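In the working numbering, the protein residues as written are 28 to 289. Reviewing the structure listed below.
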């Protein structure tokens, strides 16, 4: 794909974080072997499965000194810092198209996990085995949570990656914090508005006011996590750019979410 003069000027004027790092168009990476991209993809899929399978359905509470009531939140937020630092790395370092492929890989991995959970729970237990009710209680709600999770994940991650990639072009690679935090504000807003009502509304332990409270609390905590982790994100992103030797800008990128080509 031919780079337009405006895009060529952007790459020339981009703020590059160190020596030995080249500003390149995402379209110029087609077919190139990248050192750590595959590892990021695998790690992202594992974190996504863990957050959906282990943490999504549990309500946790923590006492805080400034309130007489405990702060209630979904336990899946424990996985958020890892997932979103990796999400920022994927788009910031490798570009939107490669982040898009990872989203689809995570989507497929989650679908397979949910299918296996449903099959295992449905299988008749052996005579004398007493763990069926416990297993069903933990994994029996997986299909509904899975549907909510992959829908919210798909929409939220693409919103996050799109905003980050577009802001990188607008800022010419400067002010990384504006796009990591700004993309989280948008992406997690989309995710929370979809996931909590779709996953829990109408369940006996999840009255509407609790669904709204936990959705709002988790959203606020996730944005706060992103702000707190900004120095970590800076360090991780800088390391990946240094070892890969490039800084990818999504000039000429097709931002459709319905593709997997890179």
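We treat Cβ as the ideally placed atom computed from N, Cα and C, and that holds for glycine. No experiment lies behind these values; they were computed from the predicted model shown.
In this model, residue 276 and residue 115 are separated by some 14 Å (Cα to Cα). Where residue 106 is concerned, there is no enclosing beta strand (DSSP E), because DSSP gives it neither an H nor an E. Membership of residue 166 in the alpha helix (DSSP H) is indicated by the continuous run 159-166.
With a threshold of 16 other beta carbon atoms within 10 Å, residue 142 falls short and is exposed. In the pairwise beta carbon analysis, the segment 172-189 is classified as touching the segment 137-151: at least three pairs are separated by under 8 Å.
Beta-bridge annotation (DSSP): residue 273 is paired with 49. For residue 98, the three-state secondary structure derived from DSSP is strand. Residue 188 is positioned such that its CB atom lies closer than 9 Å to that of residue 210. Leaving aside the five residues that flank residue 129 on each side, the residues in its chain whose CB is nearer than 6 Å to its CB run, in chain order, 68, 71, 117.
In the DSSP assignment, residue 69 falls outside any beta strand (DSSP E) and lies within the alpha helix (DSSP H) extending over 64-77. For residue 141, the enclosing alpha helix (DSSP H) starts and ends at 123-149. Relative to residue 177, the option among 95, 112, 134 whose CA is nearest is 134.
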